[in-house]
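For the sequence shown, the positions run 1 to 286 when my numbering is used. We put the beta carbon where it would ideally sit given N, CA and C, even for glycine. Below: the structure, in structure tokens.
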Amino acid sequence: TALNFIAMGDWGRNGADHQKQVAAQMGKVAAEVKSQFVVATGDNFYPSGVISKNDPLFKYSFEDIYTDFSLQWDWYVVLGNHDYKSNPDAQVEYSSISRRWKMPARYYSKTFNINNDPTQQVLMLFIDTNPLIPEFYKNAEYGPNVKGQDTTAQKKWLAKTLSEADSSIKWKIVVGHHPIYTGGSRTDGYDTKAVRSSLESTLKKYGVDVYLTGHEHSLQHIKPEGKTHHFISGAASEKTAVKLIPNAEMVASEYGFFLFSVTNNQIKVQTINDEGEVFYNTIIKK
Numbered sequence: 001t002a003l004n005f006i007a008m009g010d011w012g013r014n015g016a017d018h019q020k021q022v023a024a025q026m027g028k029v030a031a032e033v034k035s036q037f038v039v040a041t042g043d044n045f046y047p048s049g050v051i052s053k054n055d056p057l058f059k060y061s062f063e064d065i066y067t068d069f070s071l072q073w074d075w076y077v078v079l080g081n082h083d084y085k086s087n088p089d090a091q092v093e094y095s096s097i098s099r100r101w102k103m104p105a106r107y108y109s110k111t112f113n114i115n116n117d118p119t120q121q122v123l124m125l126f127i128d129t130n131p132l133i134p135e136f137y138k139n140a141e142y143g144p145n146v147k148g149q150d151t152t153a154q155k156k157w158l159a160k161t162l163s164e165a166d167s168s169i170k171w172k173i174v175v176g177h178h179p180i181y182t183g184g185s186r187t188d189g190y191d192t193k194a195v196r197s198s199l200e201s202t203l204k205k206y207g208v209d210v211y212l213t214g215h216e217h218s219l220q221h222i223k224p225e226g227k228t229h230h231f232i233s234g235a236a237s238e239k240t241a242v243k244l245i246p247n248a249e250m251v252a253s254e255y256g257f258f259l260f261s262v263t264n265n266q267i268k269v270q271t272i273n274d275e276g277e278v279f280y281n282t283i284i285k286k
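Here you go:
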């Protein structure tokens, strides 16, 4: 059996826009395939993150929306730029309150067994891309929350964790908020460029299979030269325009999410919209 998980992002809007419709389809798909967890790619709480671990938005934008039994399993979450407008650490602290919310730190890693077999695993690294963007340090909202973040330490940790992957690790997936290629509005954005220059060489050097992000409110699959497939899942409540860029396999201005199904020799990725339609799928072979 495959290791199934849902990837969604840019979502927390008190149920507004299409958040509830996407949540309903996530619940259906998760039940059908017995999804084991959800990956949230950031911008978890609009418009400006949360203030404390007791912020009511955890209830209105998360607990009250993703109510299906099939979505009560673990959620592995990264921070987006909107989450940096208030108190990013409040989302880390919420892990101690919620049974399903997992964010042990601003960046962290976890291994998952494929088919309950510890000799066949997926290594997932959940990173914080916000401090990698120099412009954020000058910004009145982001500045205080990126200040003091040790980006060198994070990048060393990323390289070390990837380099120490042993033979049981069949796949390496890095999850962050900011994409390094996009057919959305930020193709040449300062944030896209900053994160690309900061991360791309590491992804290539350690043979990362998938770089999974949000930030753009669309669903995208981009495959530049090399090993790494880039997926953007940022359409869990709002959608914005897309355009074809070089190496784009799929760019869609649709509300929805991705379903990843991982076995030891392939990853099947399906793109599902707010009406439950699978409108794109691809297979990554080992």
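May I have the straight-line CA-CA distance separating I267 from Y190, to the nearest angstrom?
-> As a working mapping, residue 267 is identified with position 267 in the sequence shown. As a working mapping, residue 190 is identified with position 190 in the sequence shown. Looking at the two C-alpha atoms, the distance is approximately 31 Å.
Cβ pair count under 8 Å reaching 3, the segment 153 to 160 against the segment 93 to 105 | Under the three-pair Cβ rule at 8 Å, the segment 153 to 160 does not count as touching the segment 93 to 105.
For I169, write down the residues that DSSP places opposite it in a beta bridge.
-> Taking the sequence shown and counting its residues from 1, the one referred to as residue 169 is at position 169. According to DSSP, which records beta bridges pairwise, I169 is partnered with Q121.
Bridge partners - W101, DSSP secondary structure assignment | On the sequence shown, position 101 is the one that residue 101 refers to. Paired residues: W75.
Can you name, in chain order, every residue of its own chain whose Cβ lies under 7 Å from the Cβ of P246, other than the five neighbours on each side?
-> Locating residue 246 in the sequence shown gives position 246, where the first residue counts as 1. The beta carbon of P246 sits closer than 7 Å to none of the beta carbons in its chain outside the five residues before and after it.
Between D274 and H18, is the Cβ-Cβ spacing less than 8 Å?
-> The residue you call residue 274 lines up with position 274 of the sequence shown. The residue you call residue 18 lines up with position 18 of the sequence shown. In contact: D274 and H18 (Cβ atoms closer than 8 Å).
Check each candidate in S35, G207, Y84, P179 and name the one with the smallest Cα separation from S70.
-> For the purposes of this step, residue 70 is identified with residue 70 of the sequence shown, where counting begins at 1. Per the Cα distances, S35.
In whole angstroms, what is the alpha-carbon distance linking A24 and A235?
-> Numbered from its first residue, the sequence shown carries residue 24 at position 24. Numbered from its first residue, the sequence shown carries residue 235 at position 235. Each residue's CA atom was taken as its position, placing A24 and A235 some 14 Å apart.
Does DSSP classify N281 as helix, strand or coil?
-> Residue 281 sits at position 281 when you count from the first residue of the sequence shown. Residue state, collapsed to three classes: strand.
For H217 versus E238, is the C-beta distance shorter than 8 Å?
-> Position 217 of the sequence shown, counting from 1, holds the residue named residue 217. Position 238 of the sequence shown, counting from 1, holds the residue named residue 238. Going by C-beta atoms, H217 is nearer than 8 Å to E238.
C-beta neighbour in chain B for K85, strict 8 Å = Note that chain B does not occur in the displayed structure, where there is just one protein chain.
Of the listed residues F58, T151, V29, P118, nearest to S95 (C-alpha basis) = Sequence index remark: in the sequence shown, residue 95 carries index 95 (1-based). Measuring C-alpha to C-alpha distances from S95 to each of F58, T151, V29, P118 identifies F58 as the nearest.
Closest to S167 by CA distance: which of R186, L199, Q149, L123 is it?
-> One-based indexing of the sequence shown puts residue 167 at position 167. Taking only the C-alpha atoms, the option nearest S167 is L123.
What is the DSSP secondary structure of K227, counted as helix, strand or coil?
-> Position 227 of the sequence shown, counting from 1, holds the residue named residue 227. Coil, per DSSP.
Within 10 angstroms of the Cβ of D128, are there 16 or more other Cβ atoms? Answer buried if so, exposed if not.
-> In the sequence shown, the residue the question calls residue 128 occupies position 128. Classification of D128: buried, given that the 10 Å Cβ count is 16 or more.
Under a three-way DSSP split, which group does V29 fall into?
-> To locate residue 29, count along the sequence shown from 1; it is residue 29. In the three-state reduction of the DSSP assignment, V29 falls in the helix class.
Cross-strand partners of L212 (DSSP beta bridge) = Residue mapping note: residue 212 aligns to position 212 of the sequence shown, counting from 1. DSSP, once it has assigned bridges, lists V175, F231 as partnering L212.
Pair within 8 Å by beta-carbon distance, S233 and G9 = Translated into positions along the sequence shown, residue 233 becomes position 233. Translated into positions along the sequence shown, residue 9 becomes position 9. Yes, the pair counts as a contact, with Cβ atoms nearer than the cut-off.
Check whether T182 and T192 have beta carbons under 8 Å apart | The residue you call residue 182 lines up with position 182 of the sequence shown. The residue you call residue 192 lines up with position 192 of the sequence shown. In this structure, T182 lies near T192, with their beta-carbon atoms less than 8 Å apart.
Just how far apart, CA to CA, sit H221 and S198?
-> What you label residue 221 is simply residue 221 of the sequence shown in a count that begins at 1. What you label residue 198 is simply residue 198 of the sequence shown in a count that begins at 1. Distance between the alpha carbons of H221 and S198: 21 Å.
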